[in-house]
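**Student:** Could you have a look at this structure, given as structure tokens, before my questions?
Protein chains: 2
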Amino acid sequence: MCQLLGMNCNTPTDILFSFEGFHRRGGLTDHHADGWGIAFFEGPGVRVFLDDKPSSESPVADLVRRYPIKSENVIAHIRKATQGEIRLENCHPFVREMWGRYWIFAHNGDLKSFAPPAGHFYRPVGGTDSERAFCHILETLRHKWGAMPETGALYAELDRLAREIRAFGVFNFMLSNGELLFAHCSTHLHFIVRQAPFNTAHLVDDDVSVDFATVTTPNDRVAVIATQPLTDNEAWTALAPGELVLFRDGTPLYRDA
Amino acid sequence: MCQLLGMNCNTPTDILFSFEGFHRRGGLTDHHADGWGIAFFEGPGVRVFLDDKPSSESPVADLVRRYPIKSENVIAHIRKATQGEIRLENCHPFVREMWGRYWIFAHNGDLKSFAPPAGHFYRPVGGTDSERAFCHILETLRHKWGAMPETGALYAELDRLAREIRAFGVFNFMLSNGELLFAHCSTHLHFIVRQAPFNTAHLVDDDVSVDFATVTTPNDRVAVIATQPLTDNEAWTALAPGELVLFRDGTPLYRDA
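Protein chains in written order, with UniProt numbering: chain A, 1 to 257; chain B, 1 to 257.
Below, the structure written as structure tokens:
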């Protein structure tokens with residue numbers, strides 16, 4: 001199974017601690033050795049690092065670990081290939097522009113026989129079910145609205161689309177435009193919101209702890225979303241199967257299962 | 001002035017030698033300290049590294065220098081801001097998907113009062129004249145063709161578009177989809193094609209030489225395109241103002257001034 005990791009905050013935050021445990025799942029503590037990727041928004045701009053090497057051996061992962069990029073929205077993915085060869089164009093996250101903003105998408109799961117019609121606005125470059133699903137989502141939204149709609153309406157339409165697509169198989173995904181982060185659970189997805197008073201957290205995958213009180217300010221609020229909980233001494237919330245959560249400024253804004 | 005660097009080859013080649021001299025122009029041997037970026041195609045997939053730090057101090061540039069990514073098509077850019085703030089979303093190269101392929105674009109110059117109408121297919125995310133020009137080019141091509149046209153027809157239309165846009169100011173650019181690389185000269189652009197028999201080249205910006213005979217095979221053909229020649233002991237060809245060159249497999253296929 002692929003692994004997803006997301007972060008949505010009210011202030012630019014580095015993801016080093018979470019990434020430390022997460023990237024080890026790419027070939028060391030778990031079997032996800034078919035490439036990986038991570039996208040960091042800075043305002044509307046985005047950096048996407050992709051690698052078709054396992055994340056535990058990747059020089060690009062090394063860079064990310066040593067270079068504390070501060071971001072309000074991050075999506076990372078470690079791939080276990082189900083559909084599509086192990087090639088760069090099949091690595092998540094995928095990026096497209098819609099309504100004058102970049103949108104980033106990563107998927108964990110397997111959609112059987114999902115073949116939406118060729119898009120007018122968006123077409124896949126690689127051969128994955130995931131990129132087809134991403135293009136289909138954007139295509140549908142872009143046909144419905146010519147510019148960014150009101151947030152509640154966007155949430156409702158994505159909820160409807162997630163329901164439509166998960167009929168084809170496992171469809172855990174994250175989607176962000178640098179302000180909003182949508183997380184959809186089809187089988188496994190967990191989140192935690194860290195805010196004052198901050199405590200010490202200890203990684204599941206590595207004997208590493210961090211005392212967030214020493215690296216945050218009292219107003220910081222950080223939501224971390226992951227396939228499986230990354231720490232073993234905090235209370236993570238499991239999303240229900242079929243649940244879509246919208247995060248903004250580190251807060252779950254809408255939840256609906 | 002910004003600096004452009006491009007490479008188009010018939011076999012995946014690393015750009016370390018050219019990048020070694022080029023990246024020093026970002027803050028050390030020249031004044032281009034407003035960010036930089038580089039895009040590497042691997043087949044239809046692409047990696048884009050962007051940084052709003054000067055390239056001579058950037059940890060991302062450090063990674064690129066130490067990690068020999070082999071690519072058939074590369075476009076790199078060092079930015080001297082003329083329009084648009086120094087922000088990540090204003091760093092070149094820009095990327096969009098068209099006809100199921102990624103297209104990469106970088107621009108050196110300054111387009112005064114260039115304000116094409118809002119696009120149906122493509123909209124800028126940042127505030128540069130360069131991204132507006134890129135979106136306008138793709139928008140025009142996408143309206144004209146629903147799928148990749150014949151290469152000669154595409155060249156002719158890009159030649160027409162380049163002429164239209166350079167009426168607004170300096171418009172040196174490079175554009176690639178991972179197979180074709182278009183280079184347009186409005187003021188300064190030079191290229192060299194390296195092929196057997198290979199010789200030793202010596203960088204202008206640094207006391208570094210490489211004997212290409214030791215790192216190539218007899219069938220390799222590599223075109224390098226740069227704002228100014230990168231080596232001082234090879235014969236670079238200057239493009240004429242108004243000239244558009246299309247490279248494929250390391251060969252200038254069409255040239256027209």
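For every residue, glycine included, the Cβ atom is placed at its ideal position computed from N, Cα and C.
Here's a check: name, in chain order, each residue in its chain whose Cβ is nearer than 7 angstroms to the Cβ of S113/A, leaving out the five neighbours to either side.
**Tutor:** So the qualifying residues of the chain are F168.
**Student:** Can you tell me which of L111/B, W236/B, V222/B and V193/B puts its alpha carbon nearest to the alpha carbon of S186/B?
**Tutor:** Ranking L111/B, W236/B, V222/B and V193/B by Cα distance to S186/B puts L111/B first.
**Student:** Determine, using beta carbons only, whether R142/A comes closer than 7 angstroms to chain B.
**Tutor:** False, the Cβ-Cβ gap to chain B never drops below 7 angstroms.
**Student:** V215/A CB to nearest chain B CB: under 7 angstroms?
**Tutor:** No, its Cβ sits nowhere closer than 7 angstroms to a Cβ of chain B.
**Student:** What whole-angstrom Cβ distance do L239/B and G21/B have, given they're in contact under 8 angstroms?
**Tutor:** Contact doesn't hold; Cβ gap of about 19 angstroms is too wide.
**Student:** So, are the CB atoms of L141/B and G45/A less than 7 angstroms apart?
**Tutor:** No.
**Student:** When the cut-off is 7 angstroms and only beta carbons count, does P149/A lie next to chain B?
**Tutor:** No - not a single Cβ of chain B is within 7 angstroms of the one on P149/A.
**Student:** Are the C-beta of L180/A and some C-beta of chain B separated by less than 7 angstroms?
**Tutor:** Taking Cβ atoms only, chain B never reaches closer than 7 angstroms to L180/A, which makes this a no.
**Student:** Is H92/A helix, strand or coil when you go by DSSP?
**Tutor:** Coil, per DSSP.
**Student:** Would you kindly work out how many angstroms separate the C-alpha atoms of I165/A and R248/A, rounded to a whole number?
**Tutor:** I165/A and R248/A: Cα-Cα distance of roughly 24 angstroms.
**Student:** Could you tell me which residues DSSP puts in a beta bridge with Q83/A?
**Tutor:** Answer by DSSP bridge pairing: none, since Q83/A is not bridged.
**Student:** Would you check if there are 3 or more beta carbon pairs closer than 8 angstroms linking the region 89 to 108 of chain A to the region 168 to 179 of chain A?
**Tutor:** Touching, yes, given that three or more Cβ pairs across the two stretches are closer than 8 angstroms.
**Student:** Thinking C-alpha only, which one of D52/A, K70/A and K53/A is nearest E42/A?
**Tutor:** Considering only alpha carbons, the answer is K70/A.
**Student:** With a cut-off of 8 angstroms, do at least 3 Cβ pairs link the region 72 to 92 of chain A to the region 3 to 21 of chain A?
**Tutor:** As far as the Cβ criterion goes, the region 72 to 92 of chain A touches the region 3 to 21 of chain A, which means the pair count is three or higher.
**Student:** What's the C-alpha gap between A153/B and E131/A?
**Tutor:** In a straight line, the C-alpha of A153/B is about 30 angstroms away from that of E131/A.
**Student:** So, with DSSP's three-state summary, where would you put S18/A?
**Tutor:** Here S18/A sits in helix by DSSP.
**Student:** Where do the N-terminal and C-terminal ends of the beta strand (DSSP E) with residue 341/A fall, by residue?
**Tutor:** Absent from the structure is residue 341/A, since the part of chain A shown begins at 1 and ends at 257.
**Student:** For the region 74 to 105 of chain B, list every residue whose C-beta sits within 8 angstroms of some C-beta in chain A, in sequence order.
**Tutor:** Listed in sequence order: R87, L88, E89, N90, C91, V95, R96, E97, W99, G100, R101 and Y102.
**Student:** Tell me the rounded alpha-carbon separation between P116/A and F105/B.
**Tutor:** About 29 angstroms.
**Student:** Taking the alpha-carbon positions, what's the L63/A to V64/B distance?
**Tutor:** Near 10 angstroms, if we compare the C-alpha coordinates of V64/B and L63/A.
**Student:** Taking only beta-carbon positions, decide if G119/B is within less than 7 angstroms of chain A.
**Tutor:** False, the Cβ-Cβ gap to chain A never drops below 7 angstroms.
**Student:** If I measure Cβ to Cβ from M7/A and keep anything under 6 angstroms in the same chain, skipping five residues before and after, which residues do I get?
**Tutor:** Hits under 6 angstroms: I15, V74 and V224.
**Student:** Flag this pair as yes or no: are the beta carbons of Y67/A and Y155/A separated by less than 7 angstroms?
**Tutor:** No, they are not a contact pair.
**Student:** Does the pairing of the region 180 to 200 of chain A with the region 213 to 223 of chain A give three or more beta-carbon distances under 8 angstroms?
**Tutor:** With the cut-off at 8 angstroms, the region 180 to 200 of chain A and the region 213 to 223 of chain A touch.
**Student:** Under 7 angstroms Cβ-Cβ, which residues of chain A neighbour E42/B?
**Tutor:** Here the neighbours are L88.
**Student:** Quick check: is the beta carbon of Y155/A nearer than 7 angstroms to any beta carbon in chain B?
**Tutor:** It does not; no Cβ of chain B falls within 7 angstroms.
**Student:** Return helix, strand or coil for R123/A, following the three-state DSSP convention.
**Tutor:** Coil at R123/A, not helix or strand.
**Student:** Checking contacts by CB at 7 angstroms: is P116/B closer than that to chain A?
**Tutor:** Not an interface residue.
**Student:** Are R79/B and G35/B closer than 7 angstroms when you measure CB to CB?
**Tutor:** Against a cut-off of 7 angstroms, the Cβ pair of G35/B and R79/B comes out as a contact.
**Student:** What residues in its chain sit with their C-beta under 7 angstroms from that of L181/B, if we drop five residues either side in the sequence?
**Tutor:** Contacts found: G6, N8, N73, M174 and F247.
**Student:** Are H190/B and P229/B touching if we call contact CB-CB under 7 angstroms?
**Tutor:** Yes, these two residues count as a Cβ contact at 7 angstroms.
**Student:** Output, in chain order, the set of chain B residues within a Cβ distance shorter than 9 angstroms of L63/A.
**Tutor:** Within 9 angstroms Cβ-Cβ: P59, V60, D62, L63 and Y67.
**Student:** Indicate the three-state DSSP secondary structure (helix, strand or coil) for L158/B in the structure shown.
**Tutor:** L158/B: helix per DSSP, three-state reduction.
**Student:** Check A167/A in the structure and name its three-state DSSP category.
**Tutor:** Three-state DSSP puts A167/A in coil, outside helix and strand.
**Student:** Does the separation of the CB atoms of G250/B and V222/B fall below 7 angstroms?
**Tutor:** Yes. Within cutoff.
**Student:** Just confirm the distance between the C-beta atoms of E139/A and H120/A, as a whole number of angstroms; I'd bet it's less than 8 angstroms.
**Tutor:** Between H120/A and E139/A the Cβ distance is about 7 angstroms, and since that is below 8 angstroms, they are a contact.
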